[in-house]
Amino acid sequence: MAKKQSKKHSPSGPPATKKDRPDRDRRVRQADRIARILKVLELIQSRGRWTTRGIAEEIECSERTVYRDLDVLRFAGIPYYREGDQQFIRVRPDYRFPALSLTNDEVLGLSLATVVTNAPGLNVSSGAGPTTRKLAAVSRAETQELIEDALRLVSVLDLKLVDHSRHHETIKTVQLALLQSKQISGLYESPYEPAPVKLKLHPYRLCLLKYAWYVIGRMFDEASPKTFRIARFRTLRLLDESTLVPDEFDLKTYFGNAWAVYRGDQSYHVELKFTPDAGKIVTETIWHPTQQARTHKDGSVTLTFQVDGLHEILHWILSWAGRVTIQQPDELKTLFLKTLRDAIQMQAPTADA
Numbered sequence: 001m002a003k004k005q006s007k008k009h010s011p012s013g014p015p016a017t018k019k020d021r022p023d024r025d026r027r028v029r030q031a032d033r034i035a036r037i038l039k040v041l042e043l044i045q046s047r048g049r050w051t052t053r054g055i056a057e058e059i060e061c062s063e064r065t066v067y068r069d070l071d072v073l074r075f076a077g078i079p080y081y082r083e084g085d086q087q088f089i090r091v092r093p094d095y096r097f098p099a100l101s102l103t104n105d106e107v108l109g110l111s112l113a114t115v116v117t118n119a120p121g122l123n124v125s126s127g128a129g130p131t132t133r134k135l136a137a138v139s140r141a142e143t144q145e146l147i148e149d150a151l152r153l154v155s156v157l158d159l160k161l162v163d164h165s166r167h168h169e170t171i172k173t174v175q176l177a178l179l180q181s182k183q184i185s186g187l188y189e190s191p192y193e194p195a196p197v198k199l200k201l202h203p204y205r206l207c208l209l210k211y212a213w214y215v216i217g218r219m220f221d222e223a224s225p226k227t228f229r230i231a232r233f234r235t236l237r238l239l240d241e242s243t244l245v246p247d248e249f250d251l252k253t254y255f256g257n258a259w260a261v262y263r264g265d266q267s268y269h270v271e272l273k274f275t276p277d278a279g280k281i282v283t284e285t286i287w288h289p290t291q292q293a294r295t296h297k298d299g300s301v302t303l304t305f306q307v308d309g310l311h312e313i314l315h316w317i318l319s320w321a322g323r324v325t326i327q328q329p330d331e332l333k334t335l336f337l338k339t340l341r342d343a344i345q346m347q348a349p350t351a352d353a
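The opening residue of the sequence shown carries number 1 in UniProt numbering; numbering runs sequentially from there.
Structure follows, in structure tokens:
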């Protein structure tokens, strides 16, 4: 007797096809479409000379797509019209697209960020300016006036930062390397080397520290990271090689208690006593995270620090010469006195004078 073959049960519903896509893909496509439509709105609100062809070229799509996007804007109530023989597309001047509602404090904060990122030494990218301009373009008149006044009345001057005007591309290269997890290579000119050296780095971090931008990275043939000043790179390029950055790397741990940029091998407890006339001034600033202050009855002030290395803090103490005494450590006092003696010797008249 022949055995009956069991029927195979196929799943109900239409068979899956290659056209079927996961929900995630559909959401991505919708997000891209929304972003494109908002870009079209931004262009026609800018009072530029935008035609459907110009918009298509700008956002890299077909004119047919632009027409569809314009239909979406019309259905959304955006009052645009065509002007002139060339049919430039414009939005009615009195119309403001509903934008993110910001408080006056938030608007002032963004305006301040714009001023700061435009300051010499900090203007290493387009900064907050484009964002502020876009916000102003879609804001009510009161917000526009507040932004205009804030940008006009607030200034950032004379920060005495290292000149980075020729290193914008270098900083951008480091940023891209960090975002894409790629290595970098370039020619580095150190004041401590007789000639420029070629470096190949695994970049870990980019940071603004004291007066300059630095990249912290590990040379490909070394085990530990080092600090490199951006302005000393003569050339720098992105490599198509993946970088290796330890998950446990922490910037604060790396710098430790360095006074500024370069961390010394030994930790020191530093105690300085400032005269009464300097006491009030010196305590206005937090010079180091470990700073502790103690004010005495006569108005003098004792500051204490825990620092890794002495040479960087020495340069700062010299700026207070005549108004500070070094209580400890003795090694710092010795360095201080030697530097002062050398300075006096340099100013002494010579036999040729």
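Think of the CB as a built atom: it goes at the ideal place given N, C-alpha and C, for glycine as much as any other residue. Predicted model only: the values in this text are computed from it and were never measured.
Have a look at Lys226, Asp330 and Gly299 and flag the residue whose alpha-carbon is nearest the alpha-carbon of Leu314.
Along the sequence shown, read from residue 1 onward, the residue named residue 314 stands at position 314. The shortest C-alpha separation from Leu314 is found at Asp330.
DSSP three-state assignment for Pro130, whether helix, strand or coil
Position 130 of the sequence shown, counted from the start, is the residue given in the question as residue 130. When DSSP states are grouped into helix, strand and coil, Pro130 belongs to the helix group.
Using the rule of at least 16 other Cβ atoms within 10 Å of the residue's Cβ for burial, across every protein chain shown, is Asp69 buried or exposed?
Within the sequence shown, numbered from 1, the residue matching residue 69 stands at position 69. Buried, because 16 or more other Cβ atoms sit within 10 Å of the Cβ of Asp69.
Helix, strand or coil, according to DSSP, for Pro289 in the structure here?
As a working note, residue 289 is residue 289 in the sequence shown. Of the three classes helix, strand and coil, the one that applies to Pro289 here is coil, per DSSP.
Alpha carbon to alpha carbon, how far is Lys172 from Arg237? Give it in angstroms, no decimals.
Position 237 of the sequence shown, counted from the first residue, corresponds to residue 237. Position 172 of the sequence shown, counted from the first residue, corresponds to residue 172. Linking Arg237 to Lys172 through their CA atoms gives a straight-line distance of about 10 Å.
According to the Cβ coordinates, are Tyr268 and Leu206 closer than 8 Å?
Looking up residue 268 in the sequence shown gives position 268. Looking up residue 206 in the sequence shown gives position 206. Contact annotation: Tyr268 and Leu206 have beta-carbon atoms that are not nearer than 8 Å.
Can the beta-carbon of Phe228 be found closer than 8 Å to that of Tyr188?
Sequence index remark: in the sequence shown, residue 228 carries index 228 (1-based). Sequence index remark: in the sequence shown, residue 188 carries index 188 (1-based). Between Phe228 and Tyr188, the CB-CB gap stays under 8 Å.
Supposed close pair residue 366, Ile44 - CB separation, criterion 8 Å:
Nothing about residue 366 can be reported from this structure: the residues present for the chain run from 1 to 353 only.
State the beta-bridge partners of Cys207 as determined by DSSP.
Taking the sequence shown and counting its residues from 1, one reaches residue 207 at position 207. Beta-bridge pairing links Cys207 to Tyr214.
To which residues does DSSP link Val197 through a beta bridge?
Counting from 1 along the sequence shown, the entry for residue 197 is found at position 197. Tyr188, per the DSSP bridge assignment.
Among the residues of its own chain, which have a CB less than 8 Å from the CB of Arg323, if the five just before and after it don't count?
Here residue 323 refers to the residue found at position 323 of the sequence shown. Excluding residues within five positions, the ones whose Cβ falls inside 8 Å are Phe274, Thr275, Asp277 and Ala278.
Helix, strand or coil: how does DSSP classify Arg263 here?
Your numbering for residue 263 matches position 263 in the sequence shown. When secondary structure is reduced to three states using DSSP, Arg263 falls in the coil class, being assigned neither helix nor strand.
Cut-off 7 Å between Cβ atoms - residues of its own chain near Glu63, not counting five sequence neighbours on either side:
Numbered from its first residue, the sequence shown carries residue 63 at position 63. Excluding residues within five positions, the ones whose Cβ falls inside 7 Å are Thr52, Arg53 and Ala56.
Quick one: grab the DSSP three-state call for Asp240.
Within the sequence shown, residue 240 is the residue found at index 240, counting from 1. It is a strand residue.
Starting from the C-beta of Arg341, find all residues in its chain whose C-beta is less than 7 Å away, skip the five residues before and the five after it, and write them out in chain order.
Within the sequence shown, residue 341 is the residue found at index 341, counting from 1. Excluding residues within five positions, none has a Cβ falling inside 7 Å.
Going by C-alpha distance, which of Gln175, Arg36, Glu312 and Phe336 is nearest Ala321?
Sequence index remark: in the sequence shown, residue 321 carries index 321 (1-based). Closest option to Ala321, judged by alpha-carbon separation, among Gln175, Arg36, Glu312 and Phe336: Phe336.
One question on the structure: do Leu122 and Val116 come within less than 8 Å of each other, judged by their Cβ atoms?
In the sequence shown, the residue the question calls residue 122 occupies position 122. In the sequence shown, the residue the question calls residue 116 occupies position 116. Contact flag set, yes.
Enclosing alpha helix (DSSP H) for Ile59 [first to last residue]:
Looking up residue 59 in the sequence shown gives position 59. Ile59 -> alpha helix (DSSP H) spans Thr52 to Ile59.
Between Ser319, Gln327, Lys134 and Val124, which has its C-alpha nearest Ala343's C-alpha?
Along the sequence shown, one-based indexing puts residue 343 at 343. Residue Ser319 holds the alpha-carbon nearest to the alpha-carbon of Ala343 among Ser319, Gln327, Lys134 and Val124.
Neighbourhood of Thr283 by C-beta distance below 7 Å, restricted to the same chain and skipping five residues each side:
On the sequence shown, position 283 is the one that residue 283 refers to. Counting only Cβ-Cβ distances below 7 Å, and skipping sequence neighbours, we find Ala293 and Val301.
If we ignore side chains and look at the alpha-carbon of each, how far apart do Leu108 and Arg152 end up?
Indexing the sequence shown from 1 puts residue 108 at position 108. Indexing the sequence shown from 1 puts residue 152 at position 152. Here the alpha carbons of Arg152 and Leu108 stand approximately 12 Å from one another.
Buried or exposed for His288, going by 16 or more other Cβ atoms inside 10 Å?
Here residue 288 corresponds to residue number 288 of the sequence shown, with the count starting at 1. His288 comes out buried.
Could you tell me the alpha carbon to alpha carbon distance between Ala177 and Leu244, rounded to whole angstroms?
Mapped onto the sequence shown, residue 177 falls at position 177. Mapped onto the sequence shown, residue 244 falls at position 244. About 12 Å.
Given that a residue counts as buried once 16 or more other Cβ atoms are within 10 Å of its Cβ, and exposed if not, what is Val307?
Within the sequence shown, numbered from 1, the residue matching residue 307 stands at position 307. Flag for Val307 reads buried.
Which residues in the same chain as Leu251 place their Cβ atom closer than 6 Å to its Cβ, once the five residues preceding and following it in sequence are excluded?
Within the sequence shown, the letter at position 251 stands for residue 251. Answer for Leu251: Arg205, listed in chain order.
Out of Asp149, Phe233 and Ala137, point me to the one whose CA is closest to Glu169's CA.
Position 169 of the sequence shown, counted from the first residue, corresponds to residue 169. It is Phe233 whose Cα lies nearest to the Cα of Glu169.
Excluding five sequence neighbours on each side, which residues of the same chain lie with their C-beta closer than 7 Å to the C-beta of Gln175?
Within the sequence shown, the letter at position 175 stands for residue 175. Excluding positions up to five away in sequence, the list reads Leu206.
Can you tell me whether DSSP reads Ile37 as helix, strand or coil?
On the sequence shown, position 37 is the one that residue 37 refers to. Looking at Ile37 - three-state DSSP - the assignment turns out to be helix.
Between the CA atoms of Thr103 and Ala76 - distance to the nearest angstrom
Numbered from 1 along the sequence shown, position 76 holds the residue referred to as residue 76. Numbered from 1 along the sequence shown, position 103 holds the residue referred to as residue 103. The C-alpha of Ala76 lies about 26 Å from the C-alpha of Thr103.
Quick one: complete beta strand (DSSP E) runs, 3+ long, within the UniProt domain "WCX" (268–343)?
Taken in chain order, the whole beta strand (DSSP E) runs of length 3 or more contained in the UniProt domain "WCX" (268–343) are 292–295, 301–308 and 324–328.
Closest Cα partner of Leu179 within the set Ser165, Phe305 and Leu239:
Here residue 179 refers to the residue found at position 179 when the sequence shown is read from its first residue. Taking each of Ser165, Phe305 and Leu239 in turn and checking the Cα distance to Leu179, the smallest one comes out for Leu239.
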